[in-house]
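Asks: Submitted below is the structure of interest, expressed as structure tokens.
Have a look at this one:
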């Protein structure tokens with residue numbers, strides 16, 4: 061799929077993991093964005109103690125899993141801003157910028173933008189490059205949900221759908237859709253694994269082992285909600 065080098069595990073900090081569904085990928089990346097925006101205080105003290113006015117953004121055509129993620133992350137649906145779309149149902153970057161700047165002026169903390177490659181309603185492809193100009197300017201986590209149409213990038217002639225993807229913080233797509241792999245198979249990549257792993261790591265004594273602590277292996281329990289996992293790569 062010609063994935064940008066920033067998501068490769070060598071030589072940089074990027075890496076990937078197989079999740080069960082794109083819903084899980086969106087949820088854990090929103091958690092990581094939340095923690096990065098609050099300097100990991102929310103993990104330690106809880107949303108009530110930190111009391112940040114966190115907000116996230118996605119288009120009004122985005123998948124319902126983004127709203128579910130906002131609820132589960134403790135941000136609430138009212139703090140998920142639904143951005144207007146253009147006449148082809150793509151997120152409008154100008155409208156996004158306007159909403160972000162209005163929220164900043166009102167004391168909110170924008171922490172996450174979810175762009176979509178292939179909306180469920182119309183297979184619209186959000187303009188990632190233009191959206192990334194807003195997220196980079198304001199230090200907002202950019203997640204790209206390619207669950208539906210991301211698989212098209214296996215064909216070189218369709219890789220323009222990834223234009224601007226090198227500026228995203230995370231990217232996900234579902235081989236169990238167009239690539240006809242067995243369910244469940246979702247691919248998630250992050251440009252820097254540290255925020256995700258730091259957000260989800262819990263290390264009781266009975267889980268410690270020499271291979272993980274030496275860095276010989278990547279322990280994927282710190283990449284998703286569940287502790288155990290089946291052999292998804294099989």
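Residue numbers (the numbering used here): 61 to 294. Positions of the beta carbon are idealized from the N, C-alpha and C atoms, including for glycine. Quantities reported herein were computed from a predicted structural model and do not represent experimental measurements.
Can you tell me the Cα-Cα spacing of residue 217 and residue 165, whole angstroms?
Replies: Going from the Cα of residue 217 to the Cα of residue 165 covers about 42 Å.
Asks: May I ask you to verify whether the region 107-116 touches the region 63-78, counting CB pairs closer than 8 Å and requiring at least 3?
Replies: No, they do not touch.
Asks: Could you pull the start and end residues of the alpha helix (DSSP H) that residue 205 belongs to?
Replies: Not the alpha helix (DSSP H): residue 205 falls in the beta strand (DSSP E), residues 201-205.
Asks: Among residues of its own chain, excluding the 5 on either side of residue 190, which ones have a beta-carbon nearer than 8 Å to its beta-carbon?
Replies: So the qualifying residues of the chain are 153, 224.
Asks: Return the chain-ordered list of same chain residues with a C-beta closer than 7 Å to the C-beta of residue 159, the five sequence neighbours on each side being excluded.
Replies: Contacts found: 117, 141, 143.
Asks: From residue 119 to residue 172, what does the alpha carbon distance come to, in whole angstroms?
Replies: If you take the alpha carbons of residue 119 and residue 172, they lie about 12 Å apart.
Asks: Consult DSSP for residue 160 and reduce its assignment to one of helix, strand or coil.
Replies: Three-state DSSP puts residue 160 in a helix.
Asks: Who are the Cβ neighbours of residue 135 in its own chain at under 6 Å, not counting the five residues just before and after it?
Replies: So the list reads 114, once near-sequence residues are dropped.
Asks: Roughly how many angstroms separate the alpha carbons of residue 162 and residue 155, rounded to a whole number?
Replies: Taking the straight line joining both Cα atoms gives about 11 Å.
Asks: Restricting to runs no shorter than 4 residues, where is the alpha helix (DSSP H) found entirely within the region 230-290?
Replies: Counting only runs of 4 or more, we get 253-260, 270-274.
Asks: State the Cα-Cα distance for the pair residue 283 and residue 80, rounded to the nearest angstrom.
Replies: Cα to Cα, the separation comes out at about 12 Å.
Asks: For the pair the region 79-94 and the region 242-250, tell me if three or more CB-CB distances fall below 8 Å.
Replies: Contact holds: three or more Cβ-Cβ distances are below 8 Å.
Asks: How is the beta strand (DSSP E) around residue 116 delimited, first residue to last?
Replies: 114-119 is the extent of the beta strand (DSSP E) around residue 116.
Asks: Nearest CA to the CA of residue 254: which residue from 96, 84, 61, 83?
Replies: Checking every option, the nearest Cα to that of residue 254 belongs to 96.
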